[in-house]
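Numbering-wise, the sequence shown is residues 1 to 951 according to UniProt numbering.
Idealized CB from N, CA, C, for every residue including glycine.
All values derive from a computational prediction rather than experimental measurement.
Notes follow once the structure below has been shown.
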Amino acid sequence: MRVVVVESPAKAKTINKYLGKDYTVLASFGHVRDLPAKDGSVRPDDDFSMDWETDERSEKHLREIARALKDADTLLLATDPDREGEAISWHVREILESRKHLKDKTVRRITFNAITKRAVEEAIAAPRDLDRPLVEAYLARRALDYLVGFNLSPVLWRKLPGSRSAGRVQSVALRLICEREQEIEAFRARDYWTVDAVLQSGKGEAFRAQLTHLKGVKLDRFALGTEDEALAAVRAVEAAALEVLSVEPKQARRNPYAPFTTSTLQQEASRKLGFSARQTMTVAQKLYEGIDLGGETVGLITYMRTDGVSIAPEAIHQARQVIGSEYGPAYVPDQPRLYKTKAKNAQEAHEAIRPTDLSRKPAQVARYLTAEQARLYELVWKRTIASQMASAVLDQVAVDVGDRGESVRLRATGSVIRFDGFLRVYREDIDDRTDDGDDENRLLPPLVAGESVGRESVLANKHTTQPPPRYTEASLVKKLEELGIGRPSTYASIISVLQDRSYVRLESKRFMPEDRGRLVTAFLENFFNRYVQYSFTADLENRLDEISAGTLGWKTVLRDFWVDFHAAIEETAHLRVSEVLDALDAELGPHLFPPREDGTDPRVCPKCREGRLSLRIGKFGAFVGCSGYPECGFTRPLVSKGDDGGEALGDDGTKVLGTDPLDGLEVTLRKGPYGFYIQKGEAVKADKAAGVKAVKPPRASIPAGVDMTTIDLGTGLKLLSLPRDIGEHPETRQMVSAGIGRFGPYLKHGDVYKSLPKDDPLLVLTIGLNHAVSTLAEPGRGGGRARAPARSLGEHPETGKPVTVHSGRFGPYVQTGTLRATIPAAEAEDMESLSLERALELLAARAEKEAAGGTRKKAPAKTAAKSATAKKTAAKTTTKTAATKKAAPKKAATSADGADGDAGAAPAKKTAAKKATTAKAGTKAATTKKAAASKAAAGADADGASPADDA
Numbered sequence: 001m002r003v004v005v006v007e008s009p010a011k012a013k014t015i016n017k018y019l020g021k022d023y024t025v026l027a028s029f030g031h032v033r034d035l036p037a038k039d040g041s042v043r044p045d046d047d048f049s050m051d052w053e054t055d056e057r058s059e060k061h062l063r064e065i066a067r068a069l070k071d072a073d074t075l076l077l078a079t080d081p082d083r084e085g086e087a088i089s090w091h092v093r094e095i096l097e098s099r100k101h102l103k104d105k106t107v108r109r110i111t112f113n114a115i116t117k118r119a120v121e122e123a124i125a126a127p128r129d130l131d132r133p134l135v136e137a138y139l140a141r142r143a144l145d146y147l148v149g150f151n152l153s154p155v156l157w158r159k160l161p162g163s164r165s166a167g168r169v170q171s172v173a174l175r176l177i178c179e180r181e182q183e184i185e186a187f188r189a190r191d192y193w194t195v196d197a198v199l200q201s202g203k204g205e206a207f208r209a210q211l212t213h214l215k216g217v218k219l220d221r222f223a224l225g226t227e228d229e230a231l232a233a234v235r236a237v238e239a240a241a242l243e244v245l246s247v248e249p250k251q252a253r254r255n256p257y258a259p260f261t262t263s264t265l266q267q268e269a270s271r272k273l274g275f276s277a278r279q280t281m282t283v284a285q286k287l288y289e290g291i292d293l294g295g296e297t298v299g300l301i302t303y304m305r306t307d308g309v310s311i312a313p314e315a316i317h318q319a320r321q322v323i324g325s326e327y328g329p330a331y332v333p334d335q336p337r338l339y340k341t342k343a344k345n346a347q348e349a350h351e352a353i354r355p356t357d358l359s360r361k362p363a364q365v366a367r368y369l370t371a372e373q374a375r376l377y378e379l380v381w382k383r384t385i386a387s388q389m390a391s392a393v394l395d396q397v398a399v400d401v402g403d404r405g406e407s408v409r410l411r412a413t414g415s416v417i418r419f420d421g422f423l424r425v426y427r428e429d430i431d432d433r434t435d436d437g438d439d440e441n442r443l444l445p446p447l448v449a450g451e452s453v454g455r456e457s458v459l460a461n462k463h464t465t466q467p468p469p470r471y472t473e474a475s476l477v478k479k480l481e482e483l484g485i486g487r488p489s490t491y492a493s494i495i496s497v498l499q500d501r502s503y504v505r506l507e508s509k510r511f512m513p514e515d516r517g518r519l520v521t522a523f524l525e526n527f528f529n530r531y532v533q534y535s536f537t538a539d540l541e542n543r544l545d546e547i548s549a550g551t552l553g554w555k556t557v558l559r560d561f562w563v564d565f566h567a568a569i570e571e572t573a574h575l576r577v578s579e580v581l582d583a584l585d586a587e588l589g590p591h592l593f594p595p596r597e598d599g600t601d602p603r604v605c606p607k608c609r610e611g612r613l614s615l616r617i618g619k620f621g622a623f624v625g626c627s628g629y630p631e632c633g634f635t636r637p638l639v640s641k642g643d644d645g646g647e648a649l650g651d652d653g654t655k656v657l658g659t660d661p662l663d664g665l666e667v668t669l670r671k672g673p674y675g676f677y678i679q680k681g682e683a684v685k686a687d688k689a690a691g692v693k694a695v696k697p698p699r700a701s702i703p704a705g706v707d708m709t710t711i712d713l714g715t716g717l718k719l720l721s722l723p724r725d726i727g728e729h730p731e732t733r734q735m736v737s738a739g740i741g742r743f744g745p746y747l748k749h750g751d752v753y754k755s756l757p758k759d760d761p762l763l764v765l766t767i768g769l770n771h772a773v774s775t776l777a778e779p780g781r782g783g784g785r786a787r788a789p790a791r792s793l794g795e796h797p798e799t800g801k802p803v804t805v806h807s808g809r810f811g812p813y814v815q816t817g818t819l820r821a822t823i824p825a826a827e828a829e830d831m832e833s834l835s836l837e838r839a840l841e842l843l844a845a846r847a848e849k850e851a852a853g854g855t856r857k858k859a860p861a862k863t864a865a866k867s868a869t870a871k872k873t874a875a876k877t878t879t880k881t882a883a884t885k886k887a888a889p890k891k892a893a894t895s896a897d898g899a900d901g902d903a904g905a906a907p908a909k910k911t912a913a914k915k916a917t918t919a920k921a922g923t924k925a926a927t928t929k930k931a932a933a934s935k936a937a938a939g940a941d942a943d944g945a946s947p948a949d950d951a
């Protein structure tokens with residue numbers, strides 16, 4: 001008997017179908033242990049020894065593996081074929097060995113790049129030992145991330161209140177986003193002009209050309225900087241006798257793109273499908289682990305964490321066969337295409353991402369897949385097929401037109417796809433293009449040198465330069481890869497951590513830094529500059545790769561890093577918060593206080609006209625405040641006015657929209673710590689002496705993505721009226737309402753919430769009943785809180801009532817009638833495979849527990865009456881005690897001086913006891929807070945992405 005250990009139950013289920021009765025396939029459910037989230041888990045003073053901790057869930061899986069090993073002679077560790085997979089196998093072996101479960105057992109490591117019967121059988125036939133250098137590379141990476149998280153994050157919390165964490169790689173990615181924002185803010189638009197003409201050939205055929213030379217001088221981009229200059233150029237073209245000066249035909253070949261790596265898959269899935277990096281990896285994981293294709297479970301794509309671009313010879317051969325049969329022999333190149341990675345840090349040995357069987361066309365498997373899975377599989381299939389297709393052939397022509405003296409010259413270009421080749425299957429989108437794209441299929445009429453050319457029109461066109469675009473997920477991943485920062489398994493989690501920490505937000509699919517993120521970046525650049533340098537981070541990645549290759553000792557890397565890093569941490573110990581603020585105020589000054597057009601001091605408070613504006617810190621993080629506080633309470637967010645919508649506000653940080661016709665109160669647009677909002681009226685502080693009661697004005701959040709300049713009084717009043725009733729659901733007769741909550745616009749139907757689409761952020765104000773009902777019927781949308789529809793397992797054999805599976809607020813459960821039973825966490829991982837028999841077992845156990853008094857029952861009438869009497873008595877006692885306490889202060893004060901003797905002894909003793917209890921509670925709260933902080937630090941960096949997330 002052999003025991004095979006993989007990461008996830010889905011993978012185990014697929015592989016188990018390939019192997020016979022002599023194999024038991026079990027899942028570890030990702031990593032089985034990790035560094036405890038507390039100080040001292042990695043000890044640099046003890047040669048970087050590390051403590052490991054196994055959680056309760058992992059203990060259960062390890063016990064199952066141990067039980068299976070009792071009747072087995074071999075343990076096959078079959079986790080993923082990368083650094084993380086090697087680490088999981090190493091952890092499993094170490095734990096089982098320490099517990100004496102591997103005595104007289106053979107332990108071997110097997111890997112496969114695809115989950116197919118053939119790949120699994122080949123892997124079992126060629127086992128190997130654990131790759132120690134790969135394990136050591138994992139240990140070094142995990143220790144580095146821990147040391148940075150647990151040493152740098154506390155510095156942030158102490159010196160920069162409101163910050164969450166810092167990480168070895170996340171902070172560098174954050175710096176990229178913040179620097180791009182600085183470039184956008186520093187950008188100054190510049191106008192320029194071009195002269196474009198519609199010309200005619202001798203046969204009267206029209207074509208377009210652009211002026212390139214004027215008075216014998218080649219025009220650069222800004223040569224025509226004013227309208228007058230442009231119009232003068234137009235007159236010169238109109239006055240010239242134009243003819244064809246030259247015709248330059250040439251043929252160009254365009255080669256196909258390489259198959260997908262992790263990075264390029266994430267980029268293209270973002271551009272073409274609108275998937276986030278994490279969404280792409282989650283869907284790809286399912287396709288890799290196995291899909292049931294009508295009774296046969298098979299992995300549809302190869303391993304999806306790779307930076308290799310080569311594919312197996314048999315896959316190339318199959319691709320050429322598919323191309324020939326589907327598109328014809330002309331599309332099959334003479335020789336197979338072989339690709340070699342250009343990534344300077346490529347270290348993964350597996351293939352590119354490709355279908356395991358290219359004969360499985362997207363249309364054939366689509367009915368077995370979810371919509372997301374089908375779209376991603378089609379993308380992978382097309383890219384792989386296209387990579388082995390013939391090149392596209394384009395006929396390109398460049399024609400120069402001008403007068404004989406060449407006082408003016410214009411150029412016309414055209415390009416015709418003579419043979420589409422791979423373009424028939426796949427075209428890659430170019431991200432962040434600012435031009436009009438290629439001239440493909442722009443035809444030019446037949447032209448010959450010396451031919452006279454007529455004019456239809458000559459126009460001067462104004463253009464304005466645009467700032468560099470903000471990063472999308474695709475372009476950020478591409479930039480990280482270019483810099484050599486991060487690895488295939490880390491990009492998705494790096495991006496997720498930045499959003500989870502509220503350091504950046506995603507608007508219109510582009511990253512914008514939050515106030516907190518900009519402040520953290522400025523702090524790190526000022527006090528830990530070396531550790532956010534791109535070259536330093538990339539060099540550290542290279543050293544980790546050297547560990548993987550077995551050419552560098554892992555503890556050598558840790559020692560070299562720790563000496564300087566620890567010294568940098570120690571240097572910040574003497575820093576006061578005020579010193580940090582002064583440094584950041586100077587660093588961010590040009591951004592926070594840009595020069596004013598009228599030349600006045602940008603730091604003068606716009607409210608009191610006397611105070612000076614500077615950077616401040618509050619419980620919600622950083623903001624700009626007046627030095628005249630508390631007399632002057634002017635504040636504004638850290639982000640300066642600009643693309644965030646701040647230009648919609650006045651100097652005092654508000655914009656008056658009008659007055660409510662019903663009560664005459666002023667309605668204003670404002671910005672707070674959590675974004676823009678609408679407010680009606682003004683807040684009033686309570687003043688007991690004057691008999692004034694506190695007034696909290698009505699407020700309404702504005703959803704992300706709304707252009708603040710378009711918000712008017714009508715929109716503001718509608719937002720203030722939320723939530724609003726839309727109408728009764730035609731089936732349940734329950735009211736359906738719409739509102740804006742913590743997670744954005746939503747629909748509510750009974751106890752079910754459903755997020756509204758983000759592409760129309762103000763739909764919440766106009767959505768009707770029919771649209772709302774159809775939206776509620778859709779499967780749960782990403783980021784929403786709608787519960788997944790129930791899945792029927794069959795009827796209960798005794799009651800005849802349906803047995804259903806639900807996704808509840810606190811986890812999945814099964815239900816029949818009014819009886820509900822929670823599905824254990826271990827089984828919830830693979831809820832889709834839950835059977836009726838297992839559901840009946842859970843329901844029976846729950847019914848038995850309730851019958852035995854396991855749930856809270858309604859109190860009998862007598863007990864309830866007794867309880868009510870007790871409550872009444874307690875209320876009287878409380879009132880009496882309160883009255884006594886009110887009279888006690890004088891005695892207590894006397895007792896404190898020691899002049900009252902026994903008279904004050906009892907109250908003093910009581911007060912001391914109360915203080916002791918409070919102190920104890922405070923200590924407990926502080927301990928809890930510290931533990932939570934440690935947990936946050938432990939997850940400070942997303943660099944070591946764990947397959948546990950995918951399990």
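State the start and end residues of the unbroken beta strand (DSSP E) segment that holds residue 574.
Run containing residue 574: none; DSSP gives neither H nor E here.
Going by CA-CA distance only, name the one from 29, 23, 531 and 527 that's closest to residue 827.
Residue 827 has its Cα closest to that of 29, out of 29, 23, 531 and 527.
If you draw a straight line from the alpha carbon of residue 606 to that of residue 631, how long is it in whole angstroms?
14 Å
If you draw a straight line from the C-alpha of residue 668 to the C-alpha of residue 145, how long is it?
46 Å
Going by beta carbon distance, what residues of the same chain come within less than 7 Å of residue 694, once the five residues before and after it are set aside?
Answer for residue 694: 684, 685 and 686, listed in chain order.
Less than 8 Å between the CB atoms is what I'm expecting for residue 355 and residue 301, so what's the real figure, rounded?
6 Å
Nearest to residue 44 (by Cα), restricted to the options 557, 654 and 627:
557
Residue 461, enclosing beta strand (DSSP E) - first and last residue:
Run containing residue 461: 454–464, per the beta strand (DSSP E) assignment.
Can you give the Cα-Cα distance for residue 236 and residue 464, rounded to whole angstroms?
Cα-Cα distance, rounded: 23 Å.
How many angstroms separate the CA atom of residue 754 from the CA atom of residue 723?
14 Å
Should residue 422 go down as buried or exposed, given a rule of 16 or more other Cβ atoms within 10 Å for buried?
buried
Can you tell me which of the three DSSP states residue 13 falls into?
helix
Pull up the distance between the alpha-carbon of residue 412 and that of residue 397, whole angstroms please.
8 Å
Put residue 1 into one of helix, strand or coil per three-state DSSP.
Per DSSP, reduced to three states, the secondary structure at residue 1 is coil, with no helix or strand assignment.
Contact set for residue 252: own chain, Cβ-Cβ below 6 Å, skip 5 residues either direction:
Excluding sequence neighbours, residue 252 sits near 394 and 396.
Report all residues from its chain with a CB closer than 8 Å to the CB of residue 576; omit the five preceding and five following residues, and keep chain order.
none
DSSP three-state assignment for residue 385, whether helix, strand or coil:
Helix, per DSSP.
Does DSSP classify residue 193 as helix, strand or coil?
Of the three classes helix, strand and coil, the one that applies to residue 193 here is strand, per DSSP.
Return the CA-CA distance between residue 622 and residue 87, expressed in angstroms with no decimal places.
Taking the straight line joining both Cα atoms gives about 40 Å.
With a threshold of 16 other CB atoms inside 10 Å of the CB of residue 764, please say whether the residue is buried or exposed.
Buried.
Beta-carbon proximity of residue 65 to residue 3, cut-off 9 Å
yes
Does the segment 303–311 come close enough to the segment 255–269 that 3 or more CB-CB pairs lie under 8 Å?
yes
Limits of the unbroken alpha helix (DSSP H) element including residue 265:
262–268 is the span of the alpha helix (DSSP H), which, as asked, contains residue 265.
Here's the rule I'm using: 16 or more other beta-carbon atoms within 10 Å means buried, otherwise exposed. How should residue 745 be labelled?
buried
First through last residue of the alpha helix (DSSP H) which encompasses residue 234
Element bounds for residue 234: 227–239.
Is the CB-CB distance between residue 201 and residue 456 below 9 Å?
no
Taking the C-alpha atoms as reference points, what is the distance between residue 551 and residue 165?
The alpha-carbon atoms of residue 551 and residue 165 are separated by roughly 33 Å.
Beta-carbon within less than 7 Å of residue 480's beta-carbon, same chain only, minus the 5 sequence neighbours each way: which residues are those?
173, 486 and 491
Do the CB positions of residue 211 and residue 233 come within less than 9 Å of each other?
Inclusion of residue 211 and residue 233 in the CB contact set at 9 Å is warranted, their separation being smaller than that value.
For the putative contact between residue 282 and residue 353, defined by C-beta atoms under 8 Å, what is the C-beta separation to the nearest angstrom?
Wrong, their Cβ atoms sit about 14 Å apart, outside the cutoff.
Enumerate, from N- to C-terminal direction, the unbroken beta strand (DSSP E) stretches of 3 or more residues contained entirely within the segment 268–308.
Taken in chain order, the unbroken stretches of beta strand (DSSP E) that lie wholly in the segment 268–308 and span 3 residues or more are 291–293 and 296–298.
Closest by CA to residue 721, which one among 737, 335 and 453?
Out of 737, 335 and 453, 737 has the C-alpha closest to the C-alpha of residue 721.
Taking only runs of the alpha helix (DSSP H) that begin and end inside the segment 530–606, which ones reach a length of at least 4 residues, in chain order?
534–548, 554–571 and 577–592
Just the C-alpha distance for residue 125 and residue 68, rounded to the nearest angstrom, thanks.
22 Å
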